[in-house]
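Structure first, commentary second.
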Amino acid sequence: MPVSLYLAVTTCHCGRQSVLSLQGELDVCTKDQLRRAISSVLRHPPRLLVVDLSALGFMDCSGLSVLVWAHQRLANQECQLLISGAQPIVQRLIHLTGLDMQLQLSAALSRSELACQRPMELA
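Take any residue in the sequence shown, note its place counting from 1, add 188, and you have its number in the working numbering.
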């Protein structure tokens, strides 16, 4: 079974909104990297956390579990998670698990909607 070791996470903050842009693959080997990035953002919780999946080529259930964890943490703080730009294969996983009823999904946001100050690369 091929193992993914590549996930790039870029974090941007804009006032009370943060954007995590993911590139690569989110699976059992890279899920902890995303969890650390989300934990870092949640030290000062944004009203809205956007997770941009438009450059994510693959996600398995372990990666999806991190998004559910983030959704629950944000909801407990009366904040919101928005998953943006999921590729069809990722959308299918979310739909098959029934989590499309719990997680808020949107089409890919434009560059201006995702534009932030102070981007920070977390490899």
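Where is the CB? At the ideal position from N, CA and C, for every residue including glycine.
Item to complete: Assign residue 206 to one of two classes, buried (16 or more other C-beta atoms within 10 Å of its C-beta) or exposed (fewer than that).
Response: Along the sequence shown, one-based indexing puts residue 206 at 18. Residue 206 comes out buried.
Worksheet item: Are the CB atoms of residue 197 and residue 241 nearer to each other than 8 Å?
Response: Counting from 1 along the sequence shown, the entry for residue 197 is found at position 9. Counting from 1 along the sequence shown, the entry for residue 241 is found at position 53. Contact flag unset, no.
Fill in: Buried or exposed by the 16-neighbour rule on C-beta atoms within 10 Å, applied to residue 238
Taking the sequence shown and counting its residues from 1, the one referred to as residue 238 is at position 50. By the neighbour-count rule (16 or more Cβ atoms within 10 Å), residue 238 is buried.
Worksheet entry | Residue span of the alpha helix (DSSP H) that contains residue 220, given as start and end | Indexing the sequence shown from 1 puts residue 220 at position 32. Element bounds for residue 220: 219-229.
Worksheet item: Which residue from 271, 287, 256, 286 puts its Cα closest to that of residue 294?
Response: As a first step, residue 294 is located in the sequence shown; it is residue number 106 there, counting from the start. With distances taken between Cα atoms, residue 294 lies closest to 271.
Fill in: Local conformation of residue 273 per DSSP, three classes
On the sequence shown, residue 273 is found 85 positions in, with the first residue counted as 1. In the structure shown, residue 273 sits in coil (DSSP, three-state: anything other than H, G, I, E or B).
Fill in: Extent of the continuous alpha helix (DSSP H) run through residue 251
Within the sequence shown, numbered from 1, the residue matching residue 251 stands at position 63. It spans 249-264 - the alpha helix (DSSP H) in which residue 251 sits, taken as one unbroken run.
Worksheet entry | First and last residue of the uninterrupted beta strand (DSSP E) at residue 287 | For the purposes of this step, residue 287 is taken as the residue at position 99 of the sequence shown. No beta strand (DSSP E) contains residue 287, which DSSP labels as neither H nor E.
Worksheet entry | Rounded separation between residue 213 and residue 255 - CA only | Looking up residue 213 in the sequence shown gives position 25. Looking up residue 255 in the sequence shown gives position 67. Rounded to the nearest angstrom, the two C-alpha atoms are 14 Å apart.
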